[in-house]
Amino acid sequence: MMPTTPQLRRPGVLIAAGAAVALTLAACSGGADPGGDGGTTTVTIWHGFTEADGDVVAQLAEDFNAAQDDYEVTIEVIPWNVITDKLLPAISAGNGPDLVVQPADAGEGYVNQGVFVPMDDFYADPENETDTYYPHVVDYATFDGTHYAVPMAYGPFSVWYNTEMFAAAGITEENFPTTWEEWIALAEQLTVDSNGDGTPEIYGLALADADGSFLPSFIQAGGGSVYTDGEVTLDSPQNVETLQWWQDAYEGGWGPTNVTLPEAVDLFKAGKAAMTVIGPWIITGAESVGLDIDVFEMPAGPDGIVTQAAANYWWLTSQADDGATAGAEAFLRYYNSHDAQVLWAEQSFYPPNRTDIAADAIADTPFVGTMIAHTENAYIRLYGIPGGLTDVNAELSALNTTVSQGGDVAVATTETSAAITEILSRFE
Numbered sequence: 002m003m004p005t006t007p008q009l010r011r012p013g014v015l016i017a018a019g020a021a022v023a024l025t026l027a028a029c030s031g032g033a034d035p036g037g038d039g040g041t042t043t044v045t046i047w048h049g050f051t052e053a054d055g056d057v058v059a060q061l062a063e064d065f066n067a068a069q070d071d072y073e074v075t076i077e078v079i080p081w082n083v084i085t086d087k088l089l090p091a092i093s094a095g096n097g098p099d100l101v102v103q104p105a106d107a108g109e110g111y112v113n114q115g116v117f118v119p120m121d122d123f124y125a126d127p128e129n130e131t132d133t134y135y136p137h138v139v140d141y142a143t144f145d146g147t148h149y150a151v152p153m154a155y156g157p158f159s160v161w162y163n164t165e166m167f168a169a170a171g172i173t174e175e176n177f178p179t180t181w182e183e184w185i186a187l188a189e190q191l192t193v194d195s196n197g198d199g200t201p202e203i204y205g206l207a208l209a210d211a212d213g214s215f216l217p218s219f220i221q222a223g224g225g226s227v228y229t230d231g232e233v234t235l236d237s238p239q240n241v242e243t244l245q246w247w248q249d250a251y252e253g254g255w256g257p258t259n260v261t262l263p264e265a266v267d268l269f270k271a272g273k274a275a276m277t278v279i280g281p282w283i284i285t286g287a288e289s290v291g292l293d294i295d296v297f298e299m300p301a302g303p304d305g306i307v308t309q310a311a312a313n314y315w316w317l318t319s320q321a322d323d324g325a326t327a328g329a330e331a332f333l334r335y336y337n338s339h340d341a342q343v344l345w346a347e348q349s350f351y352p353p354n355r356t357d358i359a360a361d362a363i364a365d366t367p368f369v370g371t372m373i374a375h376t377e378n379a380y381i382r383l384y385g386i387p388g389g390l391t392d393v394n395a396e397l398s399a400l401n402t403t404v405s406q407g408g409d410v411a412v413a414t415t416e417t418s419a420a421i422t423e424i425l426s427r428f429e
């Protein structure tokens with residue numbers, strides 16, 4: 002399953018870039034004639050963003066094109082699954098993109114197939130200010146010491162809450178939970194079961210237990226891992242202890258069971274859950290139903306704070322010739338420039354890709370300013386597995402449901418570990 006960036010829409014969110022912020026464009030024009038004949042070099046881009054995130058990319062491409070005469074960025078918006086189907090044959094036929102947006106877990110396979118090419122020269126040029134990127138975000142697209150991609154969108158999953166419910170319960174920022182124990186205690190406090198029938202009218206926390214979304218993060222926060230250095234490491238006493246803790250926690254009745262991520266979010270949007278865990282696209286979802294929300298960072302497990310990230314990267318393809326490569330680098334230098342990233346954050350609701358943009362620089366979108374601090378502890382789940390992600394997710398989803406619904410955690414963990422090992426053996 003490819004972790005694509007969720008769809009966003011906020012009516013009226015786009016504003017004229019010139020009126021909103023003075024974007025830094027001087028670095029984009031380079032100096033030499035890239036085409037060698039005084040012409041303009043075209044740089045083709047494929048991505049699948051169709052809502053507010055896509056609108057911002059289009060705006061930034063338009064601004065880049067208007068700011069210099071050497072390069073012309075052209076964008077094709079293609080459904081993500083179609084990109085997956087088309088990319089390799091298109092590059093082989095020479096009619097693919099020069100730049101394409103893909104998640105990190107797709108990158109290494111394309112690198113091995115010769116579709117994506119190194120970008121070490123981009124990182125070596127101080128003009129590109131890559132030293133401002135989050136190191137762990139860069140590392141996800143670095144294979145055998147070689148850089149292959151540039152950060153595009155990195156959105157941490159955070160705890161979003163119903164501000165009206167928190168206010169009614171007297172919960173303020175000073176007593177937000179910072180540990181799992183405090184978080185679950187708060188979820189129990191906020192749960193409302195007026196008739197005592199065991200089915201709350203309002204859950205304190207809606208988590209998706211019918212898929213494996215959060216399980217790898219919870220295991221990591223407990224000090225373990227699902228997969229490390231080419232080995233399945235799920236079946237360990239440490240991990241069983243972590244999952245048993247969550248099973249015991251579920252006995253408090255604070256959350257629904259056998260719900261998917263969309264179902265958990267729908268409960269939150271409907272006012273039937275006080276909290277949920279999701280990425281920044283919940284901002285537009287809440288606005289669409291008139292729900293007032295706010296956000297805090299995922300509380301810490303025994304080994305610290307760990308949350309998952311929805312992440313996409315810019316990849317340079319082997320189709321790009323020298324001119325297109327120079328143009329792609331110029332566009333990426335602009336896209337991740339300070340002022341362009343402020344605009345990206347304000348209008349896409351993703352935190353900026355740079356560490357030198359503070360919350361007060363994004364005054365119009367305070368949620369995003371808050372989430373800046375969450376990026377440091379946000380990780381790509383199941384990074385590095387060689388294949389079979391859909392099947393692995395199915396196994397983790399079954400394990401997650403066993404945890405939430407009272408099954409034998411130790412037995413289920415052993416069985417899931419063996420099943421995942423068998424799945425991954427097909428890719429050796």
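Residue numbers for the sequence shown follow my numbering, beginning at 2 and rising by one. Beta carbons are placed, not taken as given, at the ideal position from N, Cα and C, and that holds for glycine.
Trp315: not part of any alpha helix (DSSP H); member of the beta strand (DSSP E) spanning Thr308 to Leu317, first to last residue.
By the neighbour-count definition (other C-beta atoms within 10 Å, threshold 16), Gln114 is an exposed residue. Going by DSSP, Glu182 is part of no beta strand (DSSP E) but of the alpha helix (DSSP H) stretching over Trp181 to Leu191.
DSSP places Asn196 outside both helix and strand once states are collapsed to three, so it counts as coil. Where Pro152 is concerned, the enclosing beta strand (DSSP E) starts and stops at Ala150 to Pro157.
Every alpha helix (DSSP H) of 4 residues or more that sits fully in the region 237-291 is shown, in chain order, as 238-251, 262-270 and 283-289. In the structure shown, Tyr111 falls within a helical segment according to DSSP collapsed to helix, strand and coil. Judged by DSSP in its simplified three-state form, Ala399 adopts helix. Setting aside the 5 residues that flank it on each side, Trp181 is surrounded in the same chain by Pro300 and Gly302, each with a C-beta closer than 6 Å to its C-beta; the list follows chain order. Beta-bridge analysis with DSSP links Ile203 to Val193. Val290 and Asn196 have their C-alpha atoms roughly 27 Å apart. Look at the beta carbons and you see the region 262-269 touching the region 277-284: at least three pairs across the two are nearer than 8 Å. A residue is called buried once 16 or more other Cβ atoms fall within 10 Å of its Cβ, and Asp140, having fewer, is exposed. Gln103: member of the beta strand (DSSP E) spanning Leu100 to Gln103, first to last residue.
With respect to Ala207, Val260 sits close: the two C-beta atoms are nearer than 8 Å.
Closest by C-alpha distance to Tyr204, out of Thr131, Lys270, Asp323 and Asp71, is Lys270. When secondary structure is reduced to three states using DSSP, Ala211 falls in the coil class, being assigned neither helix nor strand. Inter-residue distance for Leu216 and Val74 is about 40 Å (C-alpha atoms, whole angstroms).
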